[in-house]
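Asker: The opening residue of the sequence shown carries number 222 in my numbering; numbering runs sequentially from there.
Positions of the beta carbon are idealized from the N, C-alpha and C atoms, including for glycine.
On a predicted model such as this, the values are computed, not experimentally measured, just so you know.
Next up is a structure, given as structure tokens.
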Amino acid sequence: MAVVEAIANQVSLTPALLVLLIAVIIYTVRSRLDERRRVVRLGNYGISISPPWVPFGLDIISRGINAARHHQGLELWRDYFFNRANTVEARIGGERTIFTIDPANIKAILATQFPDYGKGEPFHAEWKEFMGDGIFTTDGAKWHNSRQLLRPQFTRDRVSDLECFESHMHTFFRAMANGGALLGEDQPVDLASANGRVIEISDLFYRYTLDVATDFLLGADVKSMSTPRQEFADAFNQVQRWHAVSSRFGALRKYLPRTRYRANLRIIDDFVGHFIDLALSMTPEEIEKRHKSDKGYTFLQEVVRSTRDRSVIRDQIVAVLLAGRDTTAGTLSWIIYELARHPACVAKLRQEILQTVGLGGEEARRPTYEHLRSMPYIKAVINEALRLYPSVPFNVRLALRDCTLPRGGGADGSEPMPVLKDQRVAYSTLVMQRRPDLYPPVSDTFADPGTFSPERWAHWHPKPHDYIPFNAGPRICIGQQFALMEMSYVLVRIFQRFSRLDSHMHELDGGEPTLRAEVTLSPGKGVHVAFWADEEKT
């Protein structure tokens, strides 16, 4: 009897499934016809990179995941555009997505057509658990309010106060001498043992910038340079990694498991929440008194002056923490990676430091804000690293209404590209800033654009929107000057002490850098180098 019932149930389900299938087909066809009608009204479709015989863009998803696993995002995107145009389109999970490396289109997205493009509600919903309603996930009034709340924290007075950077340099040098994070703040270390010792410096940069960021934001750093296993930092990394992978799934990302993701979020929220509780426990009068004295006054307390909404405070802190740690650490890592391969650049940098500040160990004169602003070569070194390795290599915007991009439509990509409401436009500064056709011809005074050459910045100025490491338009990074000051300060302090460095990367990457592109860009195999102490006396 049970067998008969099972068969009957199976038979009775078949018509229902058939009806559902027909409904899905009708919905899909009607949606495509409606899309085509709206696209044709604005122009023509662009060049597609989706094979028509592969459903739901599964080939694009598969290639994206494989590229992420093997740190080949640059190669994948270059393949998208190879022998095509600088703007193409694909269907991912049934959704139409535009890919572009055209400066004209990126300028439109970020600046001239700013009201047409934003983060969009799907992006906000996907990142809300991690980033909440912060500056990186919202549009319109919410975004504007976040930016107005954060802007005062990055005034010249705050950016020019370099004590926050200096206060962590001693621990940084001790960790260098130890070969990595210390086993507690009291671990005895001979600073001279850093001389010639091979160290993976990238990990230490991430620890240093985390300590600086938490100190600047919260008034108490996490001491990650003296704690080998740091639960908060690990959770922060894992959450970003989850988003980097899930973004490759398009509309299918909603079906991915989130158990570990949410466990890591709880660690982040517990850590940040403790400091928020301390700040909220202070009365407005206490905070105002601290503000006027400026002693022990923190970014968090400044935010609390403007709002006592716990969720607003939490979202702004997490946003700035993400930007303040990862982007700076990644760029410092790339700078050391390249300087280790270019000893002549190290010599020039040292000469500029000698002439401006002087050399020596920790007792050497500290650079001031004015010193750092007056050092063109260190600025060129940073600019060149950001040109080859922009902090956020891939980004995305959503069309907030039916609109167009200047180029990308038509059979050859030369016509305006229609973009419909809620369709994604992905753009890559990493790929765009490596396009040879955007640079002058190679000559004795202008090196190949694919190579690291700070000297090019002495006589070359990129066109607007050909070089946008800090984004552009109304959403340009408000922490840009803070990041530049931090990187400059760290580099000066390192090369006041060390006269040269050797690369130990060839056996790991064969001389070709491995680009790990998650939310931010970092060296996929670390940066293994040896620093040699300066023997000169100044």
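Straight-line CA distance for G745 to D730?
Answerer: Here the question's residue 745 lines up with position 524 in the sequence shown. Here the question's residue 730 lines up with position 509 in the sequence shown. Taking the straight line from one Cα to the other gives about 9 Å.
Asker: If we ignore side chains and look at the alpha-carbon of each, how far apart do D300 and Y648 end up?
Answerer: The sequence position of residue 300 within the sequence shown is 79, counting from 1. The sequence position of residue 648 within the sequence shown is 427, counting from 1. Spanning the two alpha carbons is a distance of roughly 14 Å.
Asker: Under 7 Å between the Cβ atoms of Q522 and G355?
Answerer: Sequence index remark: in the sequence shown, residue 522 carries index 301 (1-based). Sequence index remark: in the sequence shown, residue 355 carries index 134 (1-based). Result no, Cβ atoms of Q522 and G355 do not sit closer than 7 Å.
Asker: Who are the Cβ neighbours of Y482 in its own chain at under 6 Å, not counting the five residues just before and after it?
Answerer: For this step, residue 482 is matched to residue 261 along the sequence shown. Taken in chain order, the residues that qualify are W463.
Asker: Taking R253 as the reference, give the member of I689, L641 and G747 with the closest Cα.
Answerer: Within the sequence shown, the letter at position 32 stands for residue 253. For the residues I689, L641 and G747, the minimum Cα distance to R253 belongs to L641.
Asker: Is the separation between the beta-carbon of W753 and that of G417 shorter than 7 Å?
Answerer: Taking the first residue of the sequence shown as position 1, residue 753 is located at position 532. Taking the first residue of the sequence shown as position 1, residue 417 is located at position 196. A contact, by the Cβ cut-off of 7 Å.
Asker: Evaluate the contact criterion for the region 701 to 709 versus the region 624 to 638: three or more CB pairs, one atom per stretch, below 8 Å.
Answerer: no
Asker: How close, in whole Å, do the beta carbons of R305 and I281 come, if the pair is a contact with beta carbons under 8 Å?
Answerer: Reading the sequence shown from its first residue, position 84 is the one you call residue 305. Reading the sequence shown from its first residue, position 60 is the one you call residue 281. That belief does not hold up - the Cβ atoms of R305 and I281 are roughly 14 Å apart, past 8 Å.
Asker: Could you spell out where the alpha helix (DSSP H) holding V309 opens and where it closes?
Answerer: If you number the sequence shown from 1, residue 309 lands on position 88. Segment T308 to I313 is the beta strand (DSSP E) holding V309; no alpha helix (DSSP H) there.
Asker: Could you give the uninterrupted runs of the beta strand (DSSP E) lying entirely in the region 592 to 670, keeping only those of 3 residues or more?
Answerer: 615 to 620, 624 to 630, 636 to 640 and 645 to 649
Asker: Are G694 and F357 close, meaning C-beta to C-beta below 7 Å?
Answerer: The residue labelled residue 694 in the question sits at position 473 within the sequence shown. The residue labelled residue 357 in the question sits at position 136 within the sequence shown. Not a contact, by the Cβ cut-off of 7 Å.
Asker: Along the chain, where does the alpha helix (DSSP H) containing P324 start, and where does it finish?
Answerer: Here the question's residue 324 lines up with position 103 in the sequence shown. Per DSSP, P324 belongs to the alpha helix (DSSP H) from P324 to K328.
Asker: Given a cut-off of 7 Å on the beta-carbon distance, is the pair M446 and D424 in contact?
Answerer: Here residue 446 is taken as the residue at index 225 of the sequence shown, counted from 1. Here residue 424 is taken as the residue at index 203 of the sequence shown, counted from 1. Taking 7 Å as the Cβ cut-off, M446 and D424 do not qualify as a contacting pair.
Asker: Please check the pair N287 and T308, which I expect to be a contact at CB under 8 Å, by giving their CB distance rounded to whole angstroms.
Answerer: Along the sequence shown, read from residue 1 onward, the residue named residue 287 stands at position 66. Along the sequence shown, read from residue 1 onward, the residue named residue 308 stands at position 87. Not quite, the Cβ-Cβ distance comes to about 23 Å (not below 8 Å), so this is no contact.
Asker: Look at the alpha carbon of F394 and the alpha carbon of T359, and state the distance between them as a whole number of angstroms.
Answerer: Mapped onto the sequence shown, residue 394 falls at position 173. Mapped onto the sequence shown, residue 359 falls at position 138. In a straight line, the C-alpha of F394 is about 39 Å away from that of T359.
Asker: Give the straight-line distance between the Cα atoms of R479 and A456, rounded to the nearest whole angstrom.
Answerer: Residue mapping note: residue 479 aligns to position 258 of the sequence shown, counting from 1. Residue mapping note: residue 456 aligns to position 235 of the sequence shown, counting from 1. Taking the straight line joining both Cα atoms gives about 13 Å.
Asker: From A244, R450, T528 and V539, pick the residue whose C-alpha is nearest to that of R348; which is it?
Answerer: What you label residue 348 is simply residue 127 of the sequence shown in a count that begins at 1. It should be pointed out that residue 348 corresponds to Trp in this sequence rather than to Arg. For W348, the nearest C-alpha among the options comes from V539.
Asker: Just mark G341 as buried or exposed, buried being the case when its beta carbon has 16 or more other beta carbons within 10 Å.
Answerer: Against the sequence shown, residue 341 aligns to sequence position 120. The residue in question, G341, is buried, as its Cβ has 16 or more Cβ neighbours within 10 Å.
Asker: How far does the beta strand (DSSP E) with P690 in it extend, from its first residue to its last?
Answerer: Counted from its first residue, the sequence shown places residue 690 at position 469. No beta strand (DSSP E) contains P690, which DSSP labels as neither H nor E.
Asker: Just list the alpha helix (DSSP H) runs in the region 697 to 752, keeping only unbroken ones of 4 residues or longer that don't cross its boundaries, in chain order.
Answerer: Correct list: 701 to 718 and 727 to 730.
Asker: Could you tell me the distance, in whole angstroms, from the CA atom of P683 to the CA atom of L651?
Answerer: Along the sequence shown, read from residue 1 onward, the residue named residue 683 stands at position 462. Along the sequence shown, read from residue 1 onward, the residue named residue 651 stands at position 430. Rounded to whole angstroms, P683 and L651 show a C-alpha spacing of 15 Å.
Asker: To the nearest angstrom, report how far apart T666 and Y610 are at their CA atoms.
Answerer: Locating residue 666 in the sequence shown gives position 445, where the first residue counts as 1. Locating residue 610 in the sequence shown gives position 389, where the first residue counts as 1. When rounded, the distance between both Cα atoms is 22 Å.
Asker: Classify Y427 as helix, strand or coil using the three-state DSSP reduction.
Answerer: Within the sequence shown, residue 427 is the residue found at index 206, counting from 1. Looking at Y427 - three-state DSSP - the assignment turns out to be helix.
Asker: Helix, strand or coil for V783, going by three-state DSSP, please let me know.
Answerer: Residue 783 cannot be examined here, being either before or after the span of the chain that is shown, 222 to 759.
Asker: Please determine, among P276, E583, P661 and S720, the residue with the shortest C-alpha to C-alpha distance to Q561.
Answerer: Counting from 1 along the sequence shown, the entry for residue 561 is found at position 340. Reading the sequence as shown, one finds Ala at residue 561 and not Gln. With distances taken between Cα atoms, A561 lies closest to S720.
Asker: Suppose only complete runs of 3+ residues qualify. What are the beta strand (DSSP E) ranges in the region 392 to 428, listed by chain order?
Answerer: 419 to 421
Asker: Rounded to the nearest angstrom, what separates A237 and D255 at their Cα positions?
Answerer: Locating residue 237 in the sequence shown gives position 16, counting from the first residue. Locating residue 255 in the sequence shown gives position 34, counting from the first residue. About 27 Å.
Asker: In chain order, what residues of the same chain lie with their CB nearer than 6 Å to the CB of E406, ignoring the 5 residues before and after it?
Answerer: Start at 1 with the first residue of the sequence shown, and residue 406 comes out as number 185. Taken in chain order, the residues that qualify are S447.
Asker: Just the C-alpha distance for S414 and N399, rounded to the nearest angstrom, thanks.
Answerer: The residue given as residue 414 occupies position 193 in the sequence shown. The residue given as residue 399 occupies position 178 in the sequence shown. Between S414 and N399, the C-alpha separation is close to 8 Å.
Asker: Opposite E316 in the DSSP bridges: which residues?
Answerer: On the sequence shown, position 95 is the one that residue 316 refers to. Per DSSP, I313.
Asker: I'd like to know whether the C-beta atoms of A601 and W555 end up nearer to each other than 7 Å.
Answerer: Looking up residue 601 in the sequence shown gives position 380. Looking up residue 555 in the sequence shown gives position 334. In this structure, W555 does not lie closer than 7 Å to A601 by Cβ.
Asker: Note down, one range per segment and in chain order, each alpha helix (DSSP H) of at least 4 residues found wholly within the region 336 to 391.
Answerer: Those alpha helix (DSSP H) runs which fall completely within the region 336 to 391 and span 4+ residues are 341 to 352, 361 to 371, 377 to 380 and 384 to 387.
Asker: Of the residues I603, E584 and T589, which one's Cα is nearest the Cα of A550?
Answerer: As a first step, residue 550 must be located in the sequence shown, where it is residue number 329. That would be I603, whose Cα lies nearest to the Cα of A550.
Asker: Considering just the uninterrupted stretch of the alpha helix (DSSP H) at H464, what are its terminal residues?
Answerer: One-based indexing of the sequence shown puts residue 464 at position 243. Start and end: E452 to S467.
Asker: Nearest to A620 by alpha carbon, out of Q293, L331 and L593?
Answerer: Taking the first residue of the sequence shown as 1, we reach residue 620 at position 399. Of the listed residues, the one whose Cα sits closest to A620 is L331.
Asker: Which same chain residues end up closer than 7 Å to T741 when comparing Cβ atoms and leaving out the 5 residues on each side of it in sequence?
Answerer: Along the sequence shown, read from residue 1 onward, the residue named residue 741 stands at position 520. Cβ-Cβ distances below 7 Å link T741 to D547, T548, G551, S612 and V613 in the same chain, with the five nearest sequence neighbours on each side left out; the list follows chain order.
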